[in-house]
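J.: Here's a structure for you.
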Amino acid sequence: MPRRTPNLVITIPPAGPVPPTPSRPSWRPTARPLLRIFPWAVACTLILWIYLLRADKPPLRLHSPEHHPPIDGHKPHPFHPQNQNGEDSAVVTWEKRSERVKTAFLHAYDSYTEFATGFDELLPLSAKGIDRSEGWRATLYDSLTTLHVMAIRDTFRRSLAIIAKRNVWPKEKYVRFQDAVSRQLGTLLSSYALSGEPVLLTMADDLASQLLFAFNTTHGLPAAVIDVISGKLPQDLVDRHSNMSWASIQTSQLEMKYLAHITGRPYYYNKTETVMTIVHNSQSASTMIPVTWRVDTGLPITFENALSSENYHALDTLLKQWILTAKSDRRTLDLYLKYVNIILNQLLFVTEKRGLLYLSDIKDGLPIHTFHQQQCAFPGLLALGVHALGISLPLKERELHLWAAQGLAYTCWVTYGDQTSGLSPELVQMKAWTSSTGELLGQWMPHLREWETKGKKGNGPPGTAQNDKYFSSEDERDYTILDHQHRLRPELSQTFYLLWRTTKNSRWRDRAWSIFESLELHARTEHGYATLLDVERVPPPLKDEMPSYFLGQTLKYLYLIFSNDDTVAVNSWVFNIHGHPLPVFHWSDWEKEIFQIT
């Protein structure tokens, strides 16, 4: 093998005297020394930086915490639940918690789409579907706005494609007008407002135009049940459902008026405005709530002192209609304030031992002292009303509404905290505060007036104390459980969302997180989430049902509590009774002219 020629050639000079080396200047250019010094400077800087990071010093704060006073003006008692995943509540990242809720929602929704597509709801234990709401595919509809609020856009588009391809009408011939408006129409309008997808507006317009025949009654109050096949009101249905609840006749106010605004169609506004005029003109000096109305006469026929879920929905619609239309319809606000004051003065009671504030219906002149979880939405509505009214509500009324909101929300909360599972029972019997002779002593307003007369001493108004003491015995609790089920309801989550957004008191956020952790621990199944049959047993027995409102409302409100305030801002959106947000809008001059809005 031939040897390679070397690349480097060294020439050896001949022997002889070495010539003198020419002299070189004593200075050198400055660039070379600076280049040599630069790496040393960088190394020293890194060493110093590492030393400072390892130093035993308290962590630096980027900014000082914002102070949020409690709504009662007294010192807060922040609740820090023991986190089951090891998080420190003092340094928790709320964004991570909102992501946890999103993960829970996807677990429930993916289970529904896998096992119950085409049905109203999922049976989470048997992994099958069932129709409970006339075959509307209720979970699909109720979840659509939640998907967009949680920014799960790919799944939102897939779900939208399913809804757009199928007939919007349910499987049944007869449907409840209230559900058709607040659930289906509300979903389409809210999803359009959130996403801007044109097909949603087209579908909403088509659906609403087919619902208008429900108003073809003697005085224009909507029929309770409609025949979606014939598009008529069969006389037997009208006769059978001639009496309607206060909530049912007001159901369409938010949805139809928003639809009139975005389409410019006067008939949507006119139909609902006729109803609003009838309700307003039928008011009297009565201190009772008009709960039942005759469709054929357009007049209320039953009055009572009660805050049923139907009566709450009517109050909810009154306040939110005023907010939705940029606070332009004073009639609805006046009606809201009138009936809220009736409730605060007549239906609020306080227990003797724990001072728990609660709502009680009045039957035959006497309070029945039962407290249902659905009533836990009322304190959130009070907080929203105070926030929306601001200083236009007199100070004394503002304080009264906030005290009631705080006290009622706390009572709802302790029905969670007292239970072994950390979740509330469906219905409890409050222990009435009576004298030795049987005289009723627990009505809230007399105690409140006495506290004010005596100089407002103590730890705040009666029935508003906030502490973290929980009890297992009925005698200590001040209530007895009548229905041990927990049905994954959204009412308290909605109230905590509104209290957090309007007061910025962190106790509501912390308590909401405790509820979510309990749901994860006790209600989660392999395929979704299930109702608890007994909140006092651990592990609790489960019932094979996952209501659609759990995805459409409960998890949505929990997510919003842990998200930043720009996510469905409370000043820019209102939620209808099924938890679908609609944007606040102003009537333009031309709309006022065409719709004859005064």
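Under the working numbering, the first residue of the sequence shown is numbered 223, with each subsequent residue one higher.
Idealized CB from N, CA, C, for every residue including glycine.
In this structure, how does DSSP classify glutamine 665 when only helix, strand and coil are distinguished?
T.: Within the sequence shown, residue 665 is the residue found at index 443, counting from 1. Glutamine 665 falls in the strand class under three-state DSSP.
J.: Just to confirm my understanding: we take threonine 509, look at its own chain, exclude 5 residues before and 5 after, and list those with CB closer than 6 angstroms. What are they?
T.: Taking the sequence shown and counting its residues from 1, the one referred to as residue 509 is at position 287. Ile564.
J.: What three-state label does DSSP hand lysine 678 in the structure shown?
T.: Within the sequence shown, numbered from 1, the residue matching residue 678 stands at position 456. Note: lysine 678 maps to coil in three-state DSSP.
J.: Quick one: any contact between the region 587 to 600 and the region 610 to 619, if contact means 3 or more CB pairs under 8 angstroms?
T.: Verdict: no, contact absent.
J.: Should proline 763 be labelled buried (16 or more other beta-carbon atoms within 10 Å of its own) or exposed?
T.: Residue mapping note: residue 763 aligns to position 541 of the sequence shown, counting from 1. Proline 763 is exposed by the Cβ-count criterion.
J.: Bridge partners of phenylalanine 593, per DSSP?
T.: As a first step, residue 593 is located in the sequence shown; it is residue number 371 there, counting from the start. Paired residues: Val650.
J.: Whole angstroms are fine: how far does the CA of aspartate 700 sit from the CA of histidine 591?
T.: By 1-based counting over the sequence shown, the position of residue 591 is 369. By 1-based counting over the sequence shown, the position of residue 700 is 478. Computed Cα separation, rounded: 11 angstroms.
J.: Straight-line CA distance for serine 467 to proline 512?
T.: As a first step, residue 467 is located in the sequence shown; it is residue number 245 there, counting from the start. As a first step, residue 512 is located in the sequence shown; it is residue number 290 there, counting from the start. Computed Cα separation, rounded: 9 angstroms.
J.: Which residues in the same chain have their Cβ closer than 8 angstroms to the Cβ of alanine 237, if we skip the five residues on either side of it in sequence?
T.: Your numbering for residue 237 matches position 15 in the sequence shown. At alanine 237, the pLDDT of 44 sits below 50, so the modelled position is not reliable and the matter cannot be decided from this model.
J.: Give every residue of the same chain whose Cβ lies closer than 6 angstroms to the Cβ of glutamate 813, excluding the five residues on either side of it in the sequence, and list them in chain order.
T.: Reading the sequence shown from its first residue, position 591 is the one you call residue 813. Cβ neighbours of glutamate 813 beyond the five flanking positions: none.
J.: Going by the CB atoms, is the gap between leucine 720 and valine 323 shorter than 7 angstroms?
T.: Translated into positions along the sequence shown, residue 323 becomes position 101. Translated into positions along the sequence shown, residue 720 becomes position 498. It is not a contact, given that the beta carbons lie outside the stated cut-off.
J.: Take alanine 326 and list the residues in its own chain whose beta-carbon comes closer than 8 angstroms to its own, dropping the five residues that flank it on each side.
T.: By one-based count along the sequence shown, residue 326 stands at place 104. If we look at alanine 326 and ignore the five residues flanking it on each side, its Cβ neighbours are Phe738, Leu741, Glu742, Arg746, Tyr751 and Leu777.
J.: So aspartate 583 and leucine 529 are supposed to be a Cβ contact under 8 angstroms. How far apart are they, rounded?
T.: Locating residue 583 in the sequence shown gives position 361, counting from the first residue. Locating residue 529 in the sequence shown gives position 307, counting from the first residue. Confirmed, Cβ separation roughly 7 angstroms.
J.: Looking at the secondary structure, which residues open and close the alpha helix (DSSP H) in which arginine 729 lies?
T.: Here residue 729 refers to the residue found at position 507 when the sequence shown is read from its first residue. Its alpha helix (DSSP H) spans residues 728 to 744.
J.: Less than 8 angstroms between the CB atoms is what I'm expecting for tryptophan 655 and threonine 573, so what's the real figure, rounded?
T.: Translated into the one-based positions of the sequence shown, residue 655 becomes position 433. Translated into the one-based positions of the sequence shown, residue 573 becomes position 351. Right, the Cβ-Cβ distance comes to about 6 angstroms (below 8 angstroms), so this counts as a contact.
J.: For the beta strand (DSSP E) containing arginine 354, name the first residue and the last one.
T.: Numbered from its first residue, the sequence shown carries residue 354 at position 132. Counting along the chain, arginine 354 falls outside any beta strand (DSSP E), and DSSP gives it neither H nor E.
J.: So for lysine 765, helix, strand or coil by DSSP?
T.: Along the sequence shown, one-based indexing puts residue 765 at 543. Reduced to three states, the DSSP call for lysine 765 is strand.
J.: Assuming serine 550 and tryptophan 358 form a contact by the criterion Cβ under 8 angstroms, report the distance between their Cβ atoms to the nearest whole angstrom.
T.: Within the sequence shown, numbered from 1, the residue matching residue 550 stands at position 328. Within the sequence shown, numbered from 1, the residue matching residue 358 stands at position 136. At roughly 32 angstroms, the Cβ-Cβ gap does not stay under 8 angstroms, so serine 550 and tryptophan 358 are not in contact.
J.: Once DSSP output is grouped into helix, strand and coil, what is the label at tryptophan 625?
T.: Start at 1 with the first residue of the sequence shown, and residue 625 comes out as number 403. Reduced to three states, the DSSP call for tryptophan 625 is helix.
J.: For valine 397, does the three-state DSSP call read helix, strand or coil?
T.: Locating residue 397 in the sequence shown gives position 175, where the first residue counts as 1. Three-state DSSP puts valine 397 in a strand.
J.: Can you check whether the C-beta of phenylalanine 718 is within less than 7 angstroms of a C-beta belonging to chain B?
T.: Of the protein chains in this structure there is only one, and it is not chain B.
J.: With a 10 Å radius around its C-beta and 16 neighbouring C-beta atoms as the bar for buried, classify glutamine 595 as buried or exposed.
T.: To locate residue 595, count along the sequence shown from 1; it is residue 373. With 16 or more Cβ atoms within 10 Å of its Cβ, glutamine 595 is classed as buried.
J.: Can you give me the C-alpha to C-alpha distance between serine 333 and alanine 469, rounded to a whole angstrom?
T.: Indexing the sequence shown from 1 puts residue 333 at position 111. Indexing the sequence shown from 1 puts residue 469 at position 247. When rounded, the distance between both Cα atoms is 33 angstroms.
J.: Only counting the same chain, and skipping five residues up and downstream in sequence, which positions put a Cβ closer than 7 angstroms to that of isoleucine 783?
T.: Position 561 of the sequence shown, counting from 1, holds the residue named residue 783. Within the same chain, isoleucine 783 has close Cβ partners Phe718, Tyr719, Trp722, Arg731 and Ala734.
J.: Label glycine 451 either buried or exposed according to how many other C-beta atoms from any shown protein chain fall within 10 Å of its C-beta, with 16 as the threshold for buried.
T.: Numbered from 1 along the sequence shown, position 229 holds the residue referred to as residue 451. One point to set straight first is that residue 451 is isoleucine, not glycine, in the sequence displayed. That one is exposed.
J.: Does DSSP classify arginine 723 as helix, strand or coil?
T.: The residue given as residue 723 occupies position 501 in the sequence shown. Correct three-state label for arginine 723: helix.
J.: For threonine 820, collect the residues of the same chain with a Cβ closer than 7 angstroms to its Cβ; drop the 5 residues on either side in sequence, then sort them by chain order.
T.: Start at 1 with the first residue of the sequence shown, and residue 820 comes out as number 598. Cβ neighbours of threonine 820 beyond the five flanking positions: none.
J.: State the DSSP-derived secondary structure class of methionine 425, mapped to helix, strand or coil.
T.: Looking up residue 425 in the sequence shown gives position 203. If DSSP states are grouped into helix, strand and coil, methionine 425 belongs with the helices.
J.: Which whole runs of the alpha helix (DSSP H) in the region 758 to 817 are 4 residues long or more, in chain order?
T.: Qualifying alpha helix (DSSP H) stretches, in chain order: 777 to 784 and 811 to 817.
J.: Using a Cβ distance threshold of 8 angstroms, determine whether the region 537 to 553 contacts the region 801 to 808, with at least three qualifying pairs required.
T.: Touching, yes, given that three or more Cβ pairs across the two stretches are closer than 8 angstroms.
J.: In angstroms with no decimal places, state the Cα-to-Cα distance between arginine 759 and valine 792.
T.: Numbered from 1 along the sequence shown, position 537 holds the residue referred to as residue 759. Numbered from 1 along the sequence shown, position 570 holds the residue referred to as residue 792. Those two C-alpha atoms are separated by around 37 angstroms.
J.: Mind reading off the beta-carbon distance from glutamate 767 to leucine 345? Whole number of angstroms is fine, and I expect it under 8 angstroms.
T.: Here residue 767 refers to the residue found at position 545 when the sequence shown is read from its first residue. Here residue 345 refers to the residue found at position 123 when the sequence shown is read from its first residue. With 8 angstroms as the limit, glutamate 767 and leucine 345 qualify as a contact, their Cβ atoms being about 7 angstroms apart.
J.: In the DSSP assignment, find the unbroken beta strand (DSSP E) run with asparagine 465 in it and report its ends.
T.: The residue you call residue 465 lines up with position 243 of the sequence shown. Looking at the DSSP string, the run of the beta strand (DSSP E) that includes asparagine 465 is 465 to 467.
J.: Please state whether DSSP places threonine 514 in a helix, a strand or coil.
T.: As a first step, residue 514 must be located in the sequence shown, where it is residue number 292. DSSP places threonine 514 in strand when its eight states are reduced to three.
J.: Threonine 753 bridges to which residues according to DSSP?
T.: For the purposes of this step, residue 753 is identified with residue 531 of the sequence shown, where counting begins at 1. For threonine 753, which the question treats as bridged, DSSP gives the partners Lys765.
J.: Do the region 690 to 709 and the region 601 to 610 make contact, defined as three or more Cβ pairs closer than 8 angstroms?
T.: With the cut-off at 8 angstroms, the region 690 to 709 and the region 601 to 610 do not touch.
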